[in-house]
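*Asks:* Structure below; questions to follow.
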Amino acid sequence: MPSLNPALDGAGFCPRCAAAARIVFPRSLTCGACGYEALWSPEPVAATIPRDADGQIWLLRRAFHEGAGRWSFPGGFVELGESVEDAARRETREEMQIDVALGALVGVYSRSEDRVVLIVYNARALGIPRETQEATEVRAFAPADLPWDELSFWSTTKALRDMLAADGLGAAR
Numbered sequence: 136m137p138s139l140n141p142a143l144d145g146a147g148f149c150p151r152c153a154a155a156a157r158i159v160f161p162r163s164l165t166c167g168a169c170g171y172e173a174l175w176s177p178e179p180v181a182a183t184i185p186r187d188a189d190g191q192i193w194l195l196r197r198a199f200h201e202g203a204g205r206w207s208f209p210g211g212f213v214e215l216g217e218s219v220e221d222a223a224r225r226e227t228r229e230e231m232q233i234d235v236a237l238g239a240l241v242g243v244y245s246r247s248e249d250r251v252v253l254i255v256y257n258a259r260a261l262g263i264p265r266e267t268q269e270a271t272e273v274r275a276f277a278p279a280d281l282p283w284d285e286l287s288f289w290s291t292t293k294a295l296r297d298m299l300a301a302d303g304l305g306a307a308r
């Protein structure tokens with residue numbers, strides 16, 4: 136299991152003045168000498184579940200990082216200076232080379248042992264997705280044909296189930 140906060144693993148000194156620091160893992164570093172304080176929180180990740188006019192769900196096979204080789208919808212970290220919605224659109228464009236029209240919020244997903252909070256939107260695909268450096272394969276799935284056993288994360292499964300339930304379609308598994 137990866138560390139909740141690799142930045143604090145083995146830390147003991149202030150990055151500003153090098154004095155001994157008080158570490159409250161995984162949340163904070165405080166320096167009594169200079170007053171420096173750093174606080175960590177889960178990072179927001181924005182994602183979309185793109186669908187075409189026929190209701191098929193576009194997924195990508197992840198090329199990198201956790202979940203590589205498994206199916207997911209596009210998503211990634213919200214960057215400073217952008218909204219969650221803008222990040223969801225940007226990540227979809229980067230990972231599938233399409234624009235999307237955002238729909239309703241599917242849900243917000245987090246667990247205490249994870250470093251992220253995932254925010255997922257329903258989306259209408261405004262084009263045909265294609266492979267990118269981040270997606271070794273893209274494919275449209277009918278809701279009944281989703282690759283449940285090959286999904287990348289617990290949150291991918293949960294968000295897809297929630298979306299299908301909201302649509303009144305249920306989930307096959």
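Positions in the sequence shown are counted from 1; adding 135 to them yields the working numbering.
All C-beta atoms in this analysis are idealised placements derived from N, C-alpha and C, irrespective of residue type, glycine included.
#1: Helix, strand or coil for Asp121 per DSSP?
#2: Candidates Arg246, Arg225 and Tyr256: which alpha carbon is nearest Ala239's?
#3: Would you please state the rounded distance, in angstroms, between the beta carbons of Thr227 and Pro185? I believe it to be under 8 Å.
#4: Which of helix, strand or coil does DSSP assign to Pro214?
#5: Between which two residues does the alpha helix (DSSP H) harbouring Leu295 extend?
#6: Nearest-angstrom Cα distance between Ile169 and Cys152?
#7: Roughly how many angstroms separate the alpha carbons of Tyr244 and Arg157, rounded to a whole number?
#8: Mapping the DSSP letters down to three states, classify Asp189 as helix, strand or coil.
#9: Measuring only the C-alpha atoms, how far is Asp187 from Glu248?
#10: When you compare each of Gly303, Val251, Ala223 and Ile263 to Ile233 by their alpha carbons, which one comes out closest?
*Replies:* Here's the rundown:
#1: This structure cannot settle anything about residue 121, because the visible part of the chain is limited to 136 through 308.
#2: Tyr256
#3: 6 Å
#4: The amino acid occupying residue 214 in the given sequence is Glu; Pro does not appear at that position. Reduced to three states, the DSSP call for Glu214 is coil.
#5: Trp289 to Ala301
#6: It should be pointed out that residue 169 corresponds to Cys in this sequence rather than to Ile. Cys169 and Cys152: Cα-Cα distance of roughly 7 Å.
#7: 31 Å
#8: coil
#9: 34 Å
#10: Ile263
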